[in-house]
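S.K.:
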Amino acid sequence: MPALRLALSGDAPSLAILAERTFRDAFGARNSPENMDLHCAKCFSPDIQLREIGERGLVTTLADEAGRLAGFSQLRLARPSPAVKAQKPAELNRIYVTAEWQGRGVARALMDQALTDAARGGCDALWLGVWEHNPKAMAFYRKFGFEFVGTHAFMLGNERQRDLIMSVAIG
Ligand SMILES: CC(C)(COP(=O)(O)OP(=O)(O)OC[C@H]1O[C@@H](n2cnc3c(N)ncnc32)[C@H](O)[C@@H]1OP(=O)(O)O)[C@@H](O)C(=O)NCCC(=O)NCCS
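Going from the sequence shown to this note's numbering is simple: count from 1 and add 21.
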């Protein structure tokens with residue numbers, strides 16, 4: 022079972038590869054290559070992930086199996102959303118597991134860690150946006166008590182998409 026650890030600056034190149042690969046695996050089949058390429062160019066590169074790893078208030082956690090990454094999450098502490106009624110909500114910005122590790126508890130471990138980190142950060146809710154055509158992820162979030170509280174727009178390249186906002190209270 023992969024061990025969880027905080028990302029370090031030296032992880033940026035491998036995190037960039039992992040983040041792009043898992044994003045393409047999850048959404049490539051249902052979106053145009055152009056929009057996927059635009060999004061990936063905007064969001065994934067060693068420099069971009071290096072900045073994220075160093076960003077204050079953004080907790081990047083890796084699932085590391087003997088030096089190979091099996092998944093990751095990114096938790097943004099103190100991130101409000103108009104849809105979330107809480108004093109200090111945190112956002113689960115990303116949670117992705119490689120195809121070979123899916124269904125083996127890695128995402129559960131990442132989610133448990135995110136909830137613990139958010140609670141330690143004094144947050145009273147955890148929320149996230151999930152693409153309306155991603156029922157697998159929604160089912161996973163419901164296991165942890167997340168409920169639908171609203172929607173927001175998400176730009177994938179040039180296409181405006183609808184994310185459902187899900188939230189769970191902490192504490
Ligand atoms: C969503 C995702 C992170 C779930 O990862 P996973 O490795 O399958 O989840 P786990 O094996 O840790 O499962 C954790 C729990 O959720 C449950 N679960 C996972 N997928 C489920 C599904 N489709 N339906 C119902 N329950 C599900 C598991 O049964 C498990 O419950 P248990 O511990 O009580 O047995 C993973 O499928 C993924 O990376 N998907 C692609 C990327 C993605 O969509 N990310 C979210 C973007 S918003």
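Note that beta-carbon positions come from the ideal geometry of N, C-alpha and C, so glycine has one too.
Going by DSSP, which residues form a beta bridge with histidine 154?
M.R.: Answer is none; histidine 154 lacks a bridge partner.
S.K.: Using CA coordinates, which residue listed in Asn155, Gly171, Val189 is at the minimum distance from phenylalanine 44?
M.R.: With distances taken between Cα atoms, phenylalanine 44 lies closest to Asn155.
S.K.: Could you pull the DSSP bridge partners for tryptophan 148 from this structure?
M.R.: Beta-bridge pairing links tryptophan 148 to Glu112, Ser188.
S.K.: Between isoleucine 116 and aspartate 145, how many whole angstroms is the CB-CB distance? I'm expecting something under 8 angstroms.
M.R.: Contact flag wrong, Cβ pair sits at about 20 angstroms.
S.K.: Within the present structure, is the beta-carbon of leucine 149 separated from the nearest heavy atom of ligand 1 by less than 7 angstroms?
M.R.: Because some heavy atom of ligand 1 lies under 7 angstroms away, the Cβ of leucine 149 counts as near it: yes.
S.K.: How is alanine 107 classed by DSSP in three states: helix, strand or coil?
M.R.: Alanine 107 falls in the coil class under three-state DSSP.
S.K.: Note down, in chain order, each residue of its chain lying with its Cβ closer than 6 angstroms to the Cβ of phenylalanine 65, except the 5 sequence neighbours on either side.
M.R.: Cβ within range, chain order: Ala37, Ala40, Glu41.
S.K.: Within the continuous beta strand (DSSP E) that includes glutamate 55, where are the two ends?
M.R.: Glutamate 55 -> not in any beta strand (DSSP E); alpha helix (DSSP H) instead, spanning 54–64.
S.K.: By a C-beta neighbour count over all protein chains shown, 10 Å radius and 16 as the cutoff for buried, is alanine 34 buried or exposed?
M.R.: It should be noted that the sequence gives proline, not alanine, for residue 34. The residue is exposed, with fewer than 16 neighbouring Cβ atoms inside 10 Å.
S.K.: Quick one: give me the first and last residue of the beta strand (DSSP E) that serine 94 is part of.
M.R.: Here the beta strand (DSSP E) through serine 94 covers 89–97.
S.K.: Among all the DSSP beta bridges, which residues are the ones paired with leucine 27?
M.R.: Bridge partners of leucine 27: Thr82.
S.K.: Shorter than 7 angstroms, the distance from the beta carbon of lysine 157 to the closest heavy atom of ligand 1, or not?
M.R.: Yes, the Cβ of lysine 157 comes within 7 angstroms of a heavy atom of ligand 1.
S.K.: Could you check if alanine 160 belongs to the surroundings of ligand 1, using beta carbon to heavy atom distance under 7 angstroms?
M.R.: Yes, Cβ of alanine 160 sits closer than 7 angstroms to a heavy atom of ligand 1.
S.K.: Using 7 angstroms as the cut-off, classify the Cβ of arginine 89 as near or not near the heavy atoms of ligand 3, replying yes or no.
M.R.: Ligand 3 is not part of the structure shown, which contains ligand 1 as its ligands.
S.K.: Does the region 100–108 come within contact of the region 118–133, defined as at least 3 CB pairs closer than 8 angstroms?
M.R.: Result no; under three Cβ-Cβ pairs closer than 8 angstroms.
S.K.: Out of Phe165, Gly150, His173, which has the shortest C-alpha to C-alpha gap to threonine 137?
M.R.: Nearest option by C-alpha distance: Phe165.
S.K.: Applying the criterion that 16 or more other CB atoms from any shown protein chain within 10 Å of the CB defines a buried residue, is aspartate 58 buried or exposed?
M.R.: Flag for aspartate 58 reads exposed.
S.K.: Name, in chain order, the residues that DSSP records as bridge partners for arginine 183.
M.R.: DSSP lists Ala174 as partners of arginine 183.
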